[in-house]
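Student: Its first residue numbered 111, the sequence shown is counted upward by one per residue in the numbering used here.
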Amino acid sequence: MDDEYAKLIRRLNPPRVVIDNDASEDATVIQVDSVNKHGILLKVVQVLTDMNLVITKAYISSDGDWFMDVFNVVDQDGKKIRDKEVMDYIQRRLESNASFAPSLRGSVGVMPSEEHTAIELTGTDRPGLLSEVCAVLTDLHCNVVNAEIWTHNTRAAAVVHVTDDSTGCAIKDPKRLSTIRELLCNVLKGNDDSKTATMTLSPPGVTSRERRLHQIMFADRDYERVERAGLARFEDKSSRPHVTVLNIERDYTVVSMRSKDRPKLLFDIVCTLTDMEYVVFHGMVSTGRMEAYQEFYIRHVDGLPVSSDAERERVVQCLEAAIERRASEGLELELCTEDRVGLLSDITRIFRENSLCIKRAEILTKGGKAKDTFYVTDVTGNPVDPKIIDSICRQIGQTKLQVKRNSILSPKPPQETTMGYIFGNLFKARTFKLIRSYS
């Protein structure tokens with residue numbers, strides 16, 4: 111009865127959204143007010159992320175029965191949202207209860223869509239893995255139309271959308287799907303019997319590949335640190351995210367994070383807190399020129415704060431992993447060319463033959479064009495020799511494959527002491543109680 115009453119209250123009080131371009135000099139301010147329920151913060155942040163908006167600041171309050179968030183956002187060029195149609199679309203998405211689809215947890219089922227078959231993969235990361243997966247799919251007459259691949263802490267995960275290369279439609283034959291599953295699992299497993307490898311088909315209603323990748327890697331326990339002896343790393347430990355978890359407020363745990371700033375950082379953090387079944391009651395997000403600061407007052411869904419050192423350490427590990435999974439490690443290469451069956455297999459084979467290791471990839475085809483982004487290192491995790499990149503660009507085509515950015519050469523953010531960071535953010539969090547009257 112209580113559940114039906116809560117549903118009635120939500121129907122009578124749909125989310126209210128105000129979009130203001132005058133409240134801030136350098137950002138569009140989006141305020142969302144709604145009846146509170148677990149997971150609503152993630153759903154709002156996901157809508158903004160799906161719109162490719164960059165969240166520069168945020169103030170969060172969901173204590174009690176009401177949820178209120180204020181987001182400062184800009185577009186990909188760092189400018190305010192001026193297009194009236196875009197603003198109206200954002201408002202419709204945020205105010206529509208239909209946009210707040212329930213999040214997924216647990217195992218996935220088998221249900222290809224009409225347009226494509228969505229395949230989820232997880233296994234032990236190794237050089238050439240994506241090339242082998244693409245080769246198998248090509249041999250099985252599957253065309254990769256979209257995909258996203260993440261690697262972290264010796265683990266790899268991917269969500270791949272494929273079609274039948276002859277019909278251009280989803281693959282539905284159970285025997286063929288079984289063959290695809292068997293061969294891909296063999297590739298993912300490789301010679302490593304110590305870790306499981308899985309291939310499943312996404313359930314219906316999945317709209318965010320990134321949401322699924324977080325869930326897949328979290329379930330695969332990629333947050334457990336693994337020492338990889340003998341592998342050189344160009345990554346400076348000082349560049350890693352810094353997370354603290356302290357019970358310094360009665361009934362709350364305060365989680366503070368400092369890391370390099372990048373798009374979708376808030377989405378990644380909120381995804382993980384939600385999957386770990388923590389509720390954000392208050393929070394503040396602030397981004398500087400190079401660094402991002404986030405602080406949240408949380409409790410577990412059972413109403414209790416973090417209660418043990420083991421739980422505290424697990425929260426730290428999982429949030430660090432959430433930040434690192436999407437970190438653009440290595441050299442960014444962008445491929446723009448006419449799409450064709452087997453294109454991805456050919457490109458990844460060339461990378462493998464030149465000893466490039468793909469750390470992350472985003473595959474997109476639209477209107478017969480392929481626009482793929484790869485983040486690569488050498489097989490030891492070190493920077494790629496520029497001569498090798500020049501050779502690959504000539505082989506693929508100078509106008510088709512271009513170097514976009516080298517994160518290895520990016521300047522390091524200024525450092526500050528841990529205690530100074532914590533107490534500075536705690537001061538900001540307390541002043542946030544004054545900001546809550548913004549509405």
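All C-beta atoms in this analysis are idealised placements derived from N, C-alpha and C, irrespective of residue type, glycine included.
1. Is E423 close to chain D, meaning its C-beta is less than 8 Å from at least one C-beta of that chain?
2. Could you round the C-beta distance between R322 and E230 to whole angstroms and report it? I think they count as a contact, below 8 Å.
3. Pair every Cβ in the region 437–444 with every Cβ in the region 455–471, then say whether three or more of these pairs are closer than 8 Å.
4. Grab the span of the alpha helix (DSSP H) containing A432 for me, first residue to last.
5. Would you mind giving the Cβ-Cβ distance between V389 and R409, rounded to the nearest angstrom? I have them listed as a contact below 8 Å.
6. Need the endpoints of the beta strand (DSSP E) that R409 sits in, please.
7. Give the DSSP-derived three-state secondary structure of C252 in the structure shown.
8. Name, in chain order, the residues that DSSP records as bridge partners for Y388.
9. Per DSSP, which one or two residues make a beta bridge with M309?
10. Determine the direct distance from the alpha carbon of E320 to that of E258, and round the result to whole angstroms.
11. DSSP has T354 in a bridge; who is on the other side?
12. Bridge partners for Y485 per DSSP, in chain order?
13. Among residues of its own chain, excluding the 5 on either side of N182, which ones have a beta-carbon nearer than 6 Å to its beta-carbon?
14. Could you tell me which residues DSSP puts in a beta bridge with H271?
15. Please confirm whether L152 and C428 have their CB atoms less than 8 Å apart.
16. Please name the residue or residues paired with M161 in a DSSP beta bridge.
17. Give the secondary structure of K497 by DSSP, where H, G and I count as helix, E and B as strand, and everything else as coil.
18. According to DSSP, is R126 helix, strand or coil?
19. P550: which of T310, V416, L298 and K479 sits nearest, CA to CA?
20. Spatial neighbours of D330 within its chain, please: CB distance less than 6 Å, with the 5 preceding and 5 following residues excluded, ordered by chain position.
21. Would you list the one or two residues that DSSP bridges to D504?
22. Can you give the Cα-Cα distance for L445 and D482, rounded to whole angstroms?
23. Is the region 169–177 touching the region 140–151, taking contact as three or more C-beta pairs under 8 Å?
24. What residue range does the alpha helix (DSSP H) around S288 cover?
Tutor: Here's the rundown:
1. Absent from the structure: chain D. Only one protein chain is present.
2. As a first step, residue 322 is located in the sequence shown; it is residue number 212 there, counting from the start. As a first step, residue 230 is located in the sequence shown; it is residue number 120 there, counting from the start. The Cβ separation is near 6 Å, so the contact holds.
3. Judged by Cβ distances under 8 Å, the region 437–444 makes contact with the region 455–471, as three or more pairs qualify.
4. As a position in the sequence shown, residue 432 is number 322, starting the count at 1. Note, A432: alpha helix (DSSP H), D419 to R435.
5. Locating residue 389 in the sequence shown gives position 279, counting from the first residue. Locating residue 409 in the sequence shown gives position 299, counting from the first residue. In this structure V389 touches R409 by the C-beta definition: roughly 6 Å separates them, less than 8 Å.
6. On the sequence shown, position 299 is the one that residue 409 refers to. E401 to H410 is the span of the beta strand (DSSP E), which, as asked, contains R409.
7. Position 142 of the sequence shown holds residue 252. Three-state DSSP puts C252 in a strand.
8. Counting from 1 along the sequence shown, the entry for residue 388 is found at position 278. DSSP output for Y388 lists H410 as bridge partner(s).
9. Taking the first residue of the sequence shown as 1, we reach residue 309 at position 199. L231, per the DSSP bridge assignment.
10. Sequence index remark: in the sequence shown, residue 258 carries index 148 (1-based). Sequence index remark: in the sequence shown, residue 320 carries index 210 (1-based). Take the alpha-carbon of E258 and the one of E320: they are about 8 Å apart.
11. The residue you call residue 354 lines up with position 244 of the sequence shown. Partner residues in the beta bridge of T354, as assigned by DSSP, are S366.
12. For the purposes of this step, residue 485 is taken as the residue at position 375 of the sequence shown. Bridge partners of Y485 according to DSSP: E442 and R470.
13. Here residue 182 is taken as the residue at index 72 of the sequence shown, counted from 1. The beta carbon of N182 lies closer than 6 Å to those of S134, A137, V139, T166 and K167 in the same chain, with the five residues before and after it left out.
14. Mapped onto the sequence shown, residue 271 falls at position 161. Note: H271 sits in a beta bridge opposite A228 and N256.
15. If you number the sequence shown from 1, residue 152 lands on position 42. If you number the sequence shown from 1, residue 428 lands on position 318. In this structure, C428 does not lie closer than 8 Å to L152 by Cβ.
16. Within the sequence shown, numbered from 1, the residue matching residue 161 stands at position 51. For M161, which the question treats as bridged, DSSP gives no partner whatsoever.
17. Along the sequence shown, one-based indexing puts residue 497 at 387. Here DSSP, grouped into helix, strand and coil, assigns K497 to helix.
18. On the sequence shown, position 16 is the one that residue 126 refers to. Residue state, collapsed to three classes: strand.
19. This structure cannot speak to residue 550, because the chain is shown only from 111 to 549.
20. Looking up residue 330 in the sequence shown gives position 220. Correct list, in chain order: T232 and R265.
21. Taking the sequence shown and counting its residues from 1, the one referred to as residue 504 is at position 394. The residue you asked about is not Asp; residue 504 is Arg in the sequence shown. For R504, which the question treats as bridged, DSSP gives no partner whatsoever.
22. By one-based count along the sequence shown, residue 445 stands at place 335. By one-based count along the sequence shown, residue 482 stands at place 372. Distance between the alpha carbons of L445 and D482: 5 Å.
23. Touching, per the Cβ criterion.
24. Position 178 of the sequence shown holds residue 288. For S288, the enclosing alpha helix (DSSP H) covers residues P284 to K299.
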